[in-house]
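Residue numbers (this note's numbering): 1 to 434.
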């Protein structure tokens with residue numbers, strides 16, 4: 001069971017994970033700014049994805065393609081012709097909805113009136129703009145709705161310069177934009193979001209094997225970072241759910257407060273994309289090895305949302321526990337995802353403790369994201385750090401001036417160890433390694 005939706009949204013705003021975008025002007029619907037803690041945690045999620053997908057593998061490389069690409073890219077991929085959702089409008093309250101997301105197609109979920117929907121029409125999801133000083137049909141461009149196409153159009157560039165041989169993957173993290181009809185559920189579905197996508201190129205006869213491999217690998221990634229197994233599942237798509245280019249697809253789903261929903265999709269995209277771009281561009285995007293015939297590789301695509309993944313880890317980590325008759329709120333985040341790895345807490349603001357505190361903090365900053373917290377009682381500071389998921393608190397007290405030791409408190413067990421100041425970094429490294 002995950003945290004209550006309103007509880008985690010309020011925590012995210014109160015502690016500086018996520019703010020409403022343009023809040024001082026009344027806010028912009030479905031747009032959010034990440035605060036200090038949210039920025040750090042989102043970066044940690046992306047870093048862990050990149051580490052597992054690229055850094056630790058010898059069959060993977062990364063790119064960073066442009067957000068604005070030639071319009072022909074989206075014509076070849078099919079986005080210009082078919083990237084749309086069915087839109088209906090209530091004639092009573094004038095609210096608009098995706099037809100395929102309505103629980104009852106005969107009743108408006110906003111005003112409750114029945115039989116008030118207009119006939120469905122297709123609503124195109126790509127953001128359109130113009131490149132250059134004059135608006136005209138000749139310089140129309142689009143903000144990318146996915147990062148994948150930037151990988152496909154660079155397939156030959158990457159293969160040639162990296163000298164990669166099949167099977168190999170190309171990974172990318174970046175912003176995408178979709179003009180959603182009904183964004184919602186906080187940062188789960190927004191019009192501007194960040195994707196973590198990888199295209200794994202392989203021989204057609206090996207595609208099924210690699211599809212199963214990436215299903216297991218991506219499911220395991222969430223579990224390795226501490227996600228509760230009962231909150232996670234793999235769901236194969238039914239035949240009527242599959243995209244026209246996909247031979248198979250499964251979603252990694254999380255048990256959100258509103259029910260099971262997608263974290264990541266893993267699809268066998270066949271050779272559709274490379275064939276399309278070869279046909280429309282006139283470039284040869286086939287693959288060739290000595291003694292082999294030219295062919296188009298098949299592609300297995302794990303595609304995850306960085307922002308919704310961060311949201312899911314927050315929901316999964318939230319706990320309320322009874323401690324000495326009081327309730328403490330704690331985010332039991334894996335240390336690799338925690339925005340602050342350690343907090344240094346001087347017992348007093350007196351100059352002699354401030355000097356020692358800064359010395360300890362300065363050393364730890366060389367390796368870890370840390371925070372120095374000096375306001376309120378030590379108990380309240382512990383609770384504040386628990387609430388943002390900080391794994392360890394390091395207290396500098398007046399005894400530290402004489403014995404050159406500090407007290408290190410564990411977030412999860414609340415156990416405390418007294419250790420030498422110059423051993424703190426090694427102590428944290430040992431705990432984080434475990």
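No residue lacks a Cβ here, since even glycine has one placed at the ideal position from N, Cα and C.
Here the structure is a predicted model, which means the values were calculated and not measured.
About 36 Å separates the Cβ atoms of residue 141 and residue 236, ruling out a contact at the 8 Å cut-off. Under DSSP, residue 260 takes part in a beta bridge, and its partners are 255.
Secondary structure of residue 139 (DSSP, three-state): helix. About 3 Å separates the beta carbon of residue 389 from that of residue 331, a gap short enough to meet the 8 Å contact definition. Linking residue 391 to residue 94 through their CA atoms gives a straight-line distance of about 49 Å. Contact between residue 190 and residue 303 does not hold, since the beta-carbon distance rounds to 16 Å and is not under 8 Å. Within the same chain, Cβ atoms closer than 8 Å to the Cβ of residue 411 are found at 330, 332, 385, 386, 389, 390, 391, 392 and 393, the five residues on either side in sequence being excluded. Excluding five sequence positions before and after residue 29, the CB atoms of its chain that fall closer than 8 Å to its own CB belong to 183, given in chain order.
When DSSP reads this structure, residue 67 sits in no beta bridge, so it has no partner. Take the alpha-carbon of residue 160 and the one of residue 227: they are about 38 Å apart. Contact between residue 428 and residue 396 is ruled out by a C-beta separation of about 15 Å, above the 8 Å threshold.
When DSSP states are grouped into helix, strand and coil, residue 394 belongs to the strand group.
For residue 185, the closest of 53, 223 and 256 by C-alpha to C-alpha distance is 256. In chain order, 147, 148, 172 and 303 place their CB closer than 6 Å to the CB of residue 197, counting only its own chain and leaving out the 5 sequence neighbours on each side. In the DSSP assignment, residue 234 is bridged to 252.
For residue 192, the closest alpha carbon among the candidates 101, 86, 381 and 145 is that of 145. In the DSSP assignment, residue 418 is bridged to 407.
Residue 55 and residue 209 have their C-alpha atoms some 23 Å from each other. When the five nearest sequence neighbours on each side are left out, the beta carbons in the same chain lying within less than 8 Å of the beta carbon of residue 370 are those of 340, 341, 342, 343, 344, 361 and 364, in order along the chain. Taking a cut-off of 8 Å for Cβ pairs, the region 76-83 and the region 269-288 touch, as three or more such pairs fall below it. In this structure, the CA atom of residue 125 is about 23 Å from the CA atom of residue 104. Under the three-state reduction of DSSP, residue 89 is assigned to strand. If you draw a straight line from the Cα of residue 40 to the Cα of residue 414, it comes to about 24 Å. Here residue 44 carries a helix assignment [DSSP, helix/strand/coil].
Assignment of beta-bridge partners to residue 202 by DSSP yields 298.
Buried is the label assigned to residue 150, since at least 16 other Cβ atoms lie within 10 Å of its Cβ. For residue 14, the enclosing alpha helix (DSSP H) starts and ends at 5-14. One Cα belongs to residue 113, the other to residue 90, and the distance between them is close to 9 Å.
DSSP places residue 38 within a helical segment (H, G or I) once states are collapsed to three.
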